[in-house]
Amino acid sequence: MTTPKLRAELDGIPTYKPGRPPARDEGRPAFKLSSNENPYPPLPGVLEAAAAAAASFNRYPDLACSALTAELAERFGVPAAHVATGTGSVGVAQQLVQATAGAGDEVIYAWRSFEAYPIITQISGARAVQVPLDAGEVHDLDAMAAAITDRTRLVFVCNPNNPTGTAVRRAELERFLDRVPADVLVVLDEAYREFITDPEVPDGVDLYRDRPNVAVLRTFSKAYGLAGLRVGFAVAHEPVADALRKTAVPFGVSQLAQDAAVASLRAEPALLERVRALVAERTRVVEALSGQGWTVPETHANFVWLRLGERTADFAAACERAGATVRPFPGEGVRITIGETEANDLLLRAAEEFRKEL
Ligand SMILES: Cc1ncc(COP(=O)(O)O)c(C=O)c1O
Numbered sequence: 004m005t006t007p008k009l010r011a012e013l014d015g016i017p018t019y020k021p022g023r024p025p026a027r028d029e030g031r032p033a034f035k036l037s038s039n040e041n042p043y044p045p046l047p048g049v050l051e052a053a054a055a056a057a058a059s060f061n062r063y064p065d066l067a068c069s070a071l072t073a074e075l076a077e078r079f080g081v082p083a084a085h086v087a088t089g090t091g092s093v094g095v096a097q098q099l100v101q102a103t104a105g106a107g108d109e110v111i112y113a114w115r116s117f118e119a120y121p122i123i124t125q126i127s128g129a130r131a132v133q134v135p136l137d138a139g140e141v142h143d144l145d146a147m148a149a150a151i152t153d154r155t156r157l158v159f160v161c162n163p164n165n166p167t168g169t170a171v172r173r174a175e176l177e178r179f180l181d182r183v184p185a186d187v188l189v190v191l192d193e194a195y196r197e198f199i200t201d202p203e204v205p206d207g208v209d210l211y212r213d214r215p216n217v218a219v220l221r222t223f224s225k226a227y228g229l230a231g232l233r234v235g236f237a238v239a240h241e242p243v244a245d246a247l248r249k250t251a252v253p254f255g256v257s258q259l260a261q262d263a264a265v266a267s268l269r270a271e272p273a274l275l276e277r278v279r280a281l282v283a284e285r286t287r288v289v290e291a292l293s294g295q296g297w298t299v300p301e302t303h304a305n306f307v308w309l310r311l312g313e314r315t316a317d318f319a320a321a322c323e324r325a326g327a328t329v330r331p332f333p334g335e336g337v338r339i340t341i342g343e344t345e346a347n348d349l350l351l352r353a354a355e356e357f358r359k360e361l
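Heads up, the sequence shown is in the numbering used here, so the first residue is 4 and it goes up one at a time.
Take a look at the structure:
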């Protein structure tokens, strides 16, 4: 049977594997520690804003996301023309690739890193150049700079990196940015920015200001707890931000998402309180795992990484039996989201048991 002709680039594209929800079992706890979500309910005022917006979802949303854009511009001290919103930061990342790269071009990123990068690169038709993380699970920025060729159009730097949680510091990132040709776009993916407490890890928004080839990606999905509403944004100089407006799916960001995001920004004190609590839990989990004998790379995000190699699947299964679903990367390791205290306790007990049986 003749089928419609599809682009050959789509052959063999890896499918995005979302973190699994926990298997529900009567009488057993079931925590989802597999998608780096926020365990808390919406911030004060957010549900009300979303519910009010829901009353008019017979209407299209504001195409330009004007109120949210203005709020973000004010919040970051940047011109509104430098803010471009999209359907989650993964949507904006895909637009950035679409805007810069096609067949014959190259997109560079560290590996392992965010699993959407290979997918959106392959869809564009560009070649993916994966640069291995260094022995400490950190971006090898020298190797990434050395991988740049005349064909390179975009470089992703995921800071902190998903799934390892590791981060690059200011001096090394600035040295890297100085080496990147001015016509190559560097995308600083800062989906987990709010969880950074180390002052040496730079804020991409500071770095983008005098660098026209730097774009910063942020999201409302993680610290802000709006993963289900799909809204993220880029801060970038006008040519890049304009390209994002051209490549955006019209009306992609719902009015619910826009209004909830504005309300979330206005609830910043409550947000910071929750972030502090999660960071305290992160410290507790890392210390406990290290105390049990695990090697835990320094994490700056709301998750931890255990390089378990062959034992990855067994460890994930043991956590699942205990009632916590984690995110295994078969043969490589496990990413564990920091959740509510009870979930973290349960995870730590499962990890301890597993360790004893090694
Ligand atoms: C590094 C990184 N970037 C971007 C995203 C996408 O987040 P969203 O599309 O929900 O904004 C994620 C989500 O897991 C991520 O880990």
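Just so it is clear, CB atoms sit at the ideal spot from N, CA and C, and this is done for glycine as well.
Minimum C-alpha distance to residue i - residue among the options
i    : options                   : result
R285 : G326, I341 and W297       : I341
A149 : I126, I123, L180 and R172 : L180
A83  : A96, L292 and R248        : R248
E197 : I339, T5, V189 and V208   : V208
D65  : A320, Q295, E345 and L259 : L259
R156 : T18, F79, L220 and A102   : A102
L144 : C161, R154 and P202       : C161
V49  : A273, E118, G105 and E323 : A273
V337 : T315, E323 and G294       : T315
E323 : A185, P7 and L36          : L36
A246 : A54, N41, Q98 and L75     : Q98
V190 : Y63, V95 and F60          : V95
P205 : A131, R173 and P184       : R173
R212 : A67, V86, A146 and V134   : V86
F159 : D137, R182 and Q133       : Q133
E74  : A304, L275 and L268       : L268
L281 : Y63, T200 and R182        : T200
E276 : E241, V141, L46 and S69   : L46
Cross-strand partners of residue i (DSSP beta bridge)
i    : result
R130 : E109
K35  : T328
V189 : V158 and V217
P340 : Residue identity check: residue 340 is Thr in the sequence provided, not Pro. The partner list for T340 (beta bridge, DSSP) reads F306.
W114 : P135
F236 : T88 and R221
Residues near residue i by beta carbon distance below 7 Å, same chain, minus five either side
i    : result
G214 : Sequence inspection shows Arg at residue 214; the Gly mentioned does not correspond to that position. Cβ neighbours of R214 beyond the five flanking positions: L180.
V288 : V307, I341, N347 and L351
L349 : P32, F34, A325, G326 and A327
G231 : none
A56  : Q258, L259 and D262
E175 : L144
R154 : G107, D108 and E109
A146 : V134
Q125 : E12, I16 and A131
Alpha carbon of residue i to alpha carbon of residue j, nearest angstrom
i    : j    : result
P121 : S127 : 10 Å
P333 : F357 : 17 Å
L71  : F223 : 12 Å
E355 : G296 : 9 Å
W114 : E345 : 32 Å
E360 : G139 : 26 Å
A218 : A237 : 6 Å
V100 : V278 : 31 Å
A119 : A58  : 34 Å
Y43  : T6   : 47 Å
V243 : D317 : 45 Å
I151 : L210 : 20 Å
D14  : R178 : 37 Å
V81  : L311 : 43 Å
G22  : V187 : 32 Å
A226 : T18  : 26 Å
A239 : E77  : 15 Å
P202 : V171 : 11 Å
F79  : M4   : 55 Å
I123 : T88  : 18 Å
D343 : L229 : Looking at the sequence itself, residue 343 is Glu, so the reference to Asp does not match. Distance between the alpha carbons of E343 and L229: 17 Å.
6 Å CB neighbourhood of residue i in its chain, flanking five on each side removed
i    : result
S92  : A194, L220, T222 and G235
A104 : V110, S127, A129, R156 and L157
N364 : For the chain, the structure presents residues 4 to 361; residue 364 sits outside this window and is missing.
S293 : V299
V329 : L36, S37, A319, C322, V337 and I339
A264 : L71, F223 and V234
A291 : L351
A185 : N216
P24  : K35
A266 : G48, V49 and A52
Own chain, CB closer than 8 Å to residue i, minus 5 neighbours either side, in chain order
i    : result
T90  : R233, V234, G235, V252, G255 and V256
T302 : P163, T167, G168, T169, R285, V289 and W308
E313 : G334
- Item | Ordered list of alpha helix (DSSP H) runs contained in the segment 239-280, each at least 4 residues | 241-250 and 258-269
- Message: Ignoring anything shorter than 3 residues, give me the beta strand (DSSP E) runs that lie fully in the segment 123-184, in order along the chain.
- Response: 130-135 and 155-161
- At which residue ranges does the segment 27-94 contain complete alpha helix (DSSP H) runs of 4 or more residues, listed in the order of the chain? 49-57 and 69-79
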